[in-house]
Amino acid sequence: MLESHLLIAANSSRVKSEKSARVQGMQYKIMIVVGARPNFMKAAPLIAALHNYNDCRERTRFGGTAACLGYVLVHTGQHYDGRMSGRFFEDLGLPPPNVNLGVGSKSHATQTAEIMQKFEPVLSQEQPNAVIVVGDVNSTLACSLVAAKTVFKPSDTRPLIVHVEAGLRSFDRLMPEECNRVVTDHLADMLFATENSGVTNLVKEGISKDRIYFVGNTMVDSLVASKERARHSTILGQLGLQSASNGNGCRTVPAPYAVLTLHRPSNVDNRDVFVNILDGLKDLIAQCPVIFPCHPRTSARIREFALEHYFVTNGHGSNAQSTRGINLIQPLGYLDFLCLMMHARLVVTDSGGVQEETTCLRVPCVTVRENTERPVTFTCGTNVIAGTKKDSIRKAVERQMQSTAIACTPDKWDGKAAARIVDAIALELQKRSAAGHSGIKSPCDLATADGPRDERASNSVPKNSGPARERLEL
Ligand code: UD1
Ligand code: UDP
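In our numbering, each residue's number is its place in the sequence shown (first place is 1) plus 172.
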């Protein structure tokens, strides 16, 4: 709590002192955009890393004048319920957003357009040197598109566009997120990849290696930072999952249970697909309770398709262990959900983030999708891609329930991704300042796959910029 207050105080005083919008000299303003649930876990470590960067005197280690990185947090309001948004600010110690665009739920086109419309004046008013967008939601696409087309006066520049979690590809353009990823990556100036496949995909798509950084995963940074606190969650007790003795009667240990999350439109917006998935879990239900913190999209479909009979809805405080079935509960806060995952025998999901978190926690995961944009979770981690047919799900569940496979932690998933990102942004802004302006002024400012930056930009790279680049490693 104290940590969260400090962040809030630091952030609001910083914003006040930068009211004049454009930051002078070696002071830079970074705008961070969040909108939907998974964005909060990806953005929180970036804010912590910005504070650390500013606090760290060692930042002069590259020989340059130390930069000061202020930030403005913009929430688009794509997610707005306490359980989908507010709770995560508490759990992650995030400061309240400086601006909330309050967009809410709409069709894709209307939601994206409304975010763009409401984001544009905020961007013009604040004139940040960089805009960081994370992940692949509509807010990510909308704000990067606005940033790409903006022109600040009188400098005639636009902000640097930074995409965190760049390069992931499911190669399925029917997924709204895939469209968002592809467009955002092709608009971004700095692309931070979470896994090697991301770097490979971006290079194949013709994006210059100069703009791609393999840094690890900020969602994993949040997990590393929150794991200990999550252990103190009382959620297992609340769900009646802590009733088994450890054998000597001294202490209770979690009873075996599985966790389910489902919210992809391709899985839950089509009744037949949804029913197939639920039928594929019948053997699992016979073995242990399944806890299902249900996304609001999915709750709405359960009602619309009259699927209530597939679930038990005792809620918190009941004994899930003695109530076999799919226990439908409200979406959980981050710490409670982490606690639930880390003690689970198995997680069945269609979430992108949950595939990564189970890999880190070494909990077997069955992904009910035909593909994943996160292949490292099955090449290195605990994930199995089951498809959405009941038989393939049943087999994957059976295999994973008996799994003794030893997973490894993917490269650079070490809790330090955000620090790498902030170092790289600071360096890039300093290089650009040395070239005369910290924003993007013309197409020549951008490295392309066909050639290097223009003479002006490449000549301006300080000779002492080596160490950071080496540390980032392509
Ligand atoms: C969005 C993202 C998806 C991400 C997911 C994380 C896009 C295209 N999709 O999907 O990539 O995996 O968030 O959870 O950006 N709703 C509420 N309260 C809320 C938010 C939503 O009731 O706070 C309900 C509304 O009925 C809404 C529906 O959920 O229509 C879907 O919300 P929306 O943000 O459109 O998409 P998600 O399915 O949440
Ligand atoms: N999560 C949570 N509570 C829940 C379900 C998920 O805190 O009830 C967290 C989960 O730990 C992960 C993130 O939400 O950090 C994943 O978000 P989501 O599945 O909504 O989106 P996706 O990753 O599929 O885009």
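By construction, the Cβ of each residue, glycine as well, lies at the ideal position given by its N, Cα and C atoms. From a predicted model like this one, the values you see are computed outputs, not experimental measurements.
When we look at the beta-carbon of residue i and count the other beta-carbons within 10 Å, is it buried (16 or more) or exposed?
i, result
"Arg186", "Legend: pLDDT at Arg186 = 37, less than 50; position of this residue unreliable, value from coordinates given subsequently. Buried, since its Cβ has 16 or more Cβ neighbours within 10 Å."
"Asp328", "exposed"
"Gly197", "In this predicted model, Gly197 has a pLDDT of only 41, less than 50, meaning its place in the structure is not dependable; the value taken from the coordinates is given anyway. Exposed, since its Cβ has fewer than 16 Cβ neighbours within 10 Å."
"Pro547", "buried"
"Pro267", "buried"
"Asp253", "exposed"
"Val303", "buried"
"Asp357", "buried"
"Ala596", "buried"
"Glu681", "This structure does not reach residue 681, given that the chain is present from 173 up to 646, and the question cannot be answered."
"His251", "buried"
"Ser279", "exposed"
"Gly608", "exposed"
"Ala476", "Checking the sequence, you will find Glu at residue 476 rather than Ala. Exposed, because fewer than 16 other Cβ atoms sit within 10 Å of the Cβ of Glu476."
"Ser277", "exposed"
"Cys511", "buried"
"Ala478", "exposed"
"Val526", "buried"
"Pro326", "exposed"
Grouping DSSP H, G and I as helix and E and B as strand, with all else coil, what is residue i?
i, result
"Gln199", "strand"
"Ala397", "helix"
"Gly249", "coil"
"His435", "coil"
"Glu337", "strand"
"Tyr429", "coil"
"Asn555", "strand"
"Leu450", "helix"
"Leu313", "helix"
"Cys228", "coil"
"Cys460", "coil"
"Thr539", "strand"
"Ile612", "strand"
"Ser471", "helix"
"Glu377", "coil"
"Leu222", "helix"
"Pro547", "coil"
"Lys290", "helix"
Restricting to Cα atoms, I'd like to know which of the options is closest to residue i.
i, options, result
"Gly307", "Ala402, Thr521, Thr554 and Pro210", "Pro210"
"Leu295", "Ala320, Asp444 and Ala281", "Ala320"
"Cys532", "Ala397, Asn301 and Leu218", "Ala397"
"Cys218", "Leu601, Ala239 and Leu245", "The question names Cys, but residue 218 in the sequence shown is Leu. Answer by Cα proximity: Leu245."
"Ser342", "Asn543, Gly608, Ala590 and Lys562", "Asn543"
"Thr521", "Pro465, Leu432, Leu479 and Thr576", "Leu432"
"Thr282", "Gly254, Tyr482, Ala314 and Asp263", "Ala314"
"Leu332", "Asp361, Gly339 and Thr312", "Asp361"
"Pro269", "Phe261, Val275 and Gly388", "Phe261"
"Arg541", "Val275, Ala220, Asn310 and Met347", "Met347"
"Leu504", "Arg255, Thr248 and Val206", "Arg255"
"Gly207", "His481, Leu599, Ala338 and Thr284", "Thr284"
"Leu406", "Gly274, Asp508, Thr560 and Cys228", "It is Thr, not Leu, that sits at residue 406 in the sequence shown. It is Asp508."
"Ala472", "Lys454, Val305, Ala492 and Pro437", "Pro437"
"Asp144", "Lys454, Ser279 and Leu264", "Past the boundaries of the shown model lies residue 144; the chain is included only from 173 to 646, so the question cannot be answered."
"Cys466", "Ser605, Ile287, Glu529 and Ile501", "Ile501"
"Val371", "Gly497, Glu545 and Tyr506", "Glu545"
"Ala590", "Gln199, Ile204 and Phe464", "Ile204"
"Arg353", "Lys376, Asn310 and Glu476", "Asn310"
"Gly378", "Leu363, Gly388 and Val387", "Leu363"
"Ala558", "Thr495, Lys588, Asn448 and Leu599", "Asn448"
"Arg656", "Ile565, Ala216, Ala577 and Arg592", "Because the chain is modelled from 173 through 646, residue 656 falls outside the range shown and cannot be assessed."
"Thr274", "Asn373, Lys567 and Lys290", "Inspection of the sequence shows that residue 274 is occupied by Gly rather than by Thr. Cα-wise, what sits closest to Gly274 is Lys290."
"Asn550", "His223, His280, Gly524 and His435", "It should be pointed out that residue 550 corresponds to Phe in this sequence rather than to Asn. Ranking the options by Cα distance to Phe550, first place goes to Gly524."
"Lys613", "Asn301, Met213, Gly249 and Gln199", "Asn301"
When you compare the CB of residue i with every CB in chain D, is at least one pair closer than 8 Å?
i, result
"Leu500", "Absence of chain D from the displayed structure is noted, only one protein chain being present."
On the DSSP bridge assignment, give the partners of residue i in chain order.
i, result
"Ala606", "None, per the DSSP bridge assignment."
"Pro465", "Ile501"
"Val271", "Val246"
"Leu518", "Ala430"
"Val303", "Met203 and Ile333"
"Ala579", "For Ala579, which the question treats as bridged, DSSP gives no partner whatsoever."
"Leu363", "His335 and Ile384"
"Cys240", "Gln199"
"Val484", "Asn499"
"Phe324", "Thr329"
Determine contact between the stretch 367–379 and the stretch 570–581, defined as no fewer than three beta-carbon pairs at a distance below 8 Å.
-> Contact check between the stretch 367–379 and the stretch 570–581: fewer than three CB pairs, one atom from each, fall below 8 Å, which does not count as touching.
So, do the stretch 579–588 and the stretch 385–394 have three or more beta carbon pairs nearer to each other than 8 Å?
-> Yes: the two stretches touch, three or more of their Cβ pairs being nearer than 8 Å.
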